[in-house]
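Peer 1: Note that the numbering used here has the sequence shown beginning at 1417, numbered continuously upward.
Even for Gly, the Cβ is constructed at its ideal location relative to N, Cα and C.
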Amino acid sequence: MHFASADSPPKEPSMFTRFAAALLLVATVTGHRVSAATPPPAFDAGGVMNLDLQTQLEKGLKARRPVEFQYIDEIVQLVEEGKLSRQLVVTTYLWAQARPWRKLQYFQFALQARARGLPVRLPNLNLQAVGISSNGGEHGVNTPPIPSRAPRR
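1) How many whole angstroms separate the CB atoms of Val1508 and Phe1523, which I take to be in contact at a CB cut-off of 8 Å?
2) Nearest to Leu1527 by alpha carbon, out of Tyr1487, Thr1433 and Lys1475?
3) Just to confirm, is the Cβ distance from Val1505 to Leu1469 under 9 Å?
4) If we call anything under 9 Å between Cβ atoms a contact, is Leu1520 one with Lys1478?
5) Between which two residues does the alpha helix (DSSP H) containing Lys1519 stretch?
6) Answer with buried or exposed for Leu1538, where buried requires no fewer than 16 other C-beta atoms within 10 angstroms of its C-beta.
7) From Gln1513 to Glu1490, what distance separates their C-alpha atoms?
8) If I measure Cβ to Cβ from Val1492 and keep anything under 6 Å in the same chain, skipping five residues before and after, which residues do I get?
9) Just to confirm my understanding: we take Ser1451, look at its own chain, exclude 5 residues before and 5 after, and list those with CB closer than 7 Å. What are they?
10) By alpha-carbon positions, which one of Asn1542, Val1536, Ala1529 and Ser1430 ends up nearest to Gly1498?
11) For Pro1516 and Pro1482, what's the separation of their Cα atoms in angstroms?
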């Protein structure tokens, strides 16, 4: 093993050491912290920056049918009238948006459940959500019966 003696020239720093020092210097000068990357907050005071609540709900929940846009209109109107808390709507939206599919339906049912004890009347889900028949979910009452198969011979 060779150790540097007092009369030998000092060893040059490695390329990695020089790069790390330069990066740290740039971060210090520009005021950026070198830390684990954290995503910027998506919501500022209950909403995405530069988007109104209606656009946020329509795009984020992927509304596509006229009844879905109507439902979102009614929810936004309740928020604007002060009958429904924006924070309640936004936190429910965040939860529903994390679902892999049927984001709007998750939002509708979750908002209905969370607002159950509040003095507000939400839009009727029997007219809005996919999967609820006009008779409140009792299949077979207003739906035509499934034809029976002829026995095999």
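Peer 2: Looking at the atomic coordinates:
1) In the sequence shown, residue 1508 corresponds to position 92, counting from 1. In the sequence shown, residue 1523 corresponds to position 107, counting from 1. The question names Val, but residue 1508 is Thr in the sequence shown. With 8 Å as the limit, Thr1508 and Phe1523 qualify as a contact, their Cβ atoms being about 6 Å apart.
2) Position 111 of the sequence shown, counted from the start, is the residue given in the question as residue 1527. It is Tyr1487.
3) Taking the first residue of the sequence shown as position 1, residue 1505 is located at position 89. Taking the first residue of the sequence shown as position 1, residue 1469 is located at position 53. Yes.
4) Taking the first residue of the sequence shown as position 1, residue 1520 is located at position 104. Taking the first residue of the sequence shown as position 1, residue 1478 is located at position 62. For Leu1520 and Lys1478, yes; Cβs fall inside 9 Å.
5) On the sequence shown, position 103 is the one that residue 1519 refers to. Counting along the chain, the alpha helix (DSSP H) containing Lys1519 begins and ends at Lys1519 to Arg1530.
6) Residue 1538 sits at position 122 when you count from the first residue of the sequence shown. Buried, by the Cβ-count rule.
7) Translated into positions along the sequence shown, residue 1513 becomes position 97. Translated into positions along the sequence shown, residue 1490 becomes position 74. Each residue's alpha carbon lies about 19 Å from the other.
8) Along the sequence shown, read from residue 1 onward, the residue named residue 1492 stands at position 76. The answer, listed in chain order, is Leu1469 and Gln1470.
9) To locate residue 1451, count along the sequence shown from 1; it is residue 35. In this prediction, Ser1451 has a pLDDT of 47, which is less than 50 and means its spatial position is unreliable; what the coordinates show is noted afterwards. Cβ neighbours of Ser1451 beyond the five flanking positions: none.
10) Here residue 1498 refers to the residue found at position 82 of the sequence shown. Checking every option, the nearest Cα to that of Gly1498 belongs to Val1536.
11) Your numbering for residue 1516 matches position 100 in the sequence shown. Your numbering for residue 1482 matches position 66 in the sequence shown. Going from the Cα of Pro1516 to the Cα of Pro1482 covers about 22 Å.
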